[in-house]
Every structure is written in C-alpha cells, then in structure tokens.
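Here is the structure we will look at, set down as structure tokens.
Chains as they are written, first to last, in the numbering used here: chain A, 4 to 156; chain B, 2 to 121.
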C-alpha cells in the first residue's frame, strides 16, 4: 500500500470528522509560528519505519482539546491540550500503520509545546500536508526513518 | 452493565463515554483506568461486565492486561478500542480472548455494533 498525501489527507479528514466533529479541508502552504506552537510525534518501527508529526498553533491544539473534552478552550489545562494532540497523532500513526500492513510497532505519542517545532523543521523531507479546520490550521507530516527522541521542551 | 474503560488518554476515555451514551446502550455505568496496571487492581473491586481497553499504554499494554486477566481465570468480556488496526493486531487480540477490536476513530454506531452485535 502506497502512502501518499491523499491517503494521509483521508485519514486526517476522518479523524477530524469522526472524533472532533469538525469539518476539515486541505489547504496550501502553511507555516507554524514556532513561538506559539505544539508538536506531537509518533514512531512506527519494524517492517515499516516511519515517523508522523502533527504541528499546530496553540489555538488549533486548544480547539482539538476543546472538542475532545467537550469544554470551552478557556477552561483547558496544558495537560489536556497535550493529551488531545497526543491522541490526534496516535490515531494518524495507527491508521497509517494499518494501511501499510507490515508487522510494525507503534510508539507512545510524544508531545512538546513551543520548542518542539524547531527540532523537526529540518528533518522532515517526506510528505507534508496542511489543513484548515473551522478556521484553525495545522500540519501533518510523514517521514522515514523514525526519529527516536523528541528533545526537550 | 458496568464498563471499565482503560486508556492512558483522558480525552479518549471521555470520547468513549460520550459514544456509549450516544450508542443507545441501556443502563450502563462506567469506571475508568489510566493503564493496564490500574485496571488489574480495579477488576476484582468493581467486577465490570465489559472492559474496553486501548492497546498501547504505559506501564502495561492492553494485550498484557487481557492476557493476565485470562491467566487469572477471568472470563470478563473484553474489547479493544485502539488506533492499531493491522490484521496482525486483530489476530493477536482474538487469540488472547478479545471479543472485538474497534479502530479509532470510531462512531457511536460502530461501538454499539461491537458491544451488542446483531444475532447471527
């Protein structure tokens, strides 16, 4: 099974629609402001080595968390926002792994705030897809090989 | 029906509870655990009728939780709700005694069908 941008977009769209209850559309180039961003990463290793990253402005991460926790974003704490973003990347990674179908392991998600974006900026040369979800933009990337550590906050 | 939800993500536990409410499953109560170790201690106390567990969790994976339950003689109904969807994972889950595996993202309808499948 070939993983291309279209396959990735389909997975992200389904997650946004089903889990968040939000319509999501692919957009053109979008650059996340590193000073106000979150990054979540998950590794797939074994028969298929890959790393998936979700990059979002804080506002988008809060929107995701607000939908998952069914609370106003003003009432969210950092741990809940991390939790929500971790689940997003977990679902993207798991579904990609299932599509590929090779015997691989899925890591636990790793989420960092603000400083995490800089770490990945130069390492991703694979598929980059960008989305807008009710006015909130975000980036989902897929690349190989798997990066084993995410760095510090 | 008493349902034990096991997932290290509080967000996902909330989503599962909402989906259960939307699914039309009548008269259920929920208890929650953040990982397999916590769940193991809760099973003999709360005696759930059904366990809904994630696959990948810190401390103890869902498959290890299921294995330990079956080794202890427990026949509690057990289903996975997980982003893991490969055929290998499904086979491992089935062989270990899981009744079903629902893939994230999921709908209330798919969850209801897994928990209460129509008669054959």
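For glycine and all other residues, C-beta sits at the position ideal for the given N, C-alpha and C.
In this text the structure is predicted, and so the values were computed from the model without any measurement.
Helix, strand or coil at residue i [DSSP, three-state]
i: residue 139 (chain A); result: strand
i: residue 100 (chain B); result: coil
i: residue 94 (chain B); result: helix
i: residue 98 (chain A); result: helix
i: residue 122 (chain B); result: As shown, chain B starts at 2 and ends at 121. That puts residue 122 (chain B) outside it, with no answer to give.
i: residue 60 (chain A); result: strand
i: residue 46 (chain A); result: strand
i: residue 22 (chain A); result: helix
i: residue 23 (chain B); result: helix
i: residue 30 (chain A); result: coil
i: residue 9 (chain B); result: coil
i: residue 67 (chain A); result: helix
i: residue 14 (chain A); result: helix
i: residue 151 (chain A); result: Confidence in residue 151 (chain A) is poor, its pLDDT being 43 and thus under 50, which makes the residue's placement too unreliable to answer from.
i: residue 33 (chain B); result: strand
i: residue 121 (chain B); result: coil
Reference residue i, options the options, closest by Cα
i: residue 91 (chain A); options: B:16, B:42, B:62, B:27; result: B:16
i: residue 52 (chain A); options: A:68, A:135, A:109, A:144; result: A:109
i: residue 137 (chain A); options: A:87, A:69, A:97, A:6; result: A:69
i: residue 22 (chain B); options: B:113, B:13, B:42, B:101; result: B:113
Spatial distance of residue i from residue j (CA atoms)
i: residue 82 (chain B); j: residue 58 (chain B); result: 12 Å
i: residue 95 (chain B); j: residue 77 (chain A); result: 42 Å
i: residue 61 (chain A); j: residue 39 (chain A); result: 6 Å
i: residue 42 (chain A); j: residue 146 (chain A); result: 15 Å
i: residue 93 (chain A); j: residue 143 (chain A); result: 12 Å
i: residue 89 (chain A); j: residue 58 (chain A); result: 11 Å
i: residue 117 (chain B); j: residue 56 (chain B); result: 21 Å
i: residue 107 (chain A); j: residue 65 (chain A); result: 31 Å
i: residue 48 (chain B); j: residue 3 (chain B); result: 8 Å
i: residue 74 (chain B); j: residue 46 (chain B); result: 15 Å
i: residue 113 (chain A); j: residue 46 (chain A); result: 9 Å
i: residue 102 (chain A); j: residue 111 (chain B); result: 19 Å
Bridge partner(s) assigned by DSSP for residue i
i: residue 145 (chain A); result: A:55, A:130
i: residue 16 (chain B); result: Answer is none; residue 16 (chain B) lacks a bridge partner.
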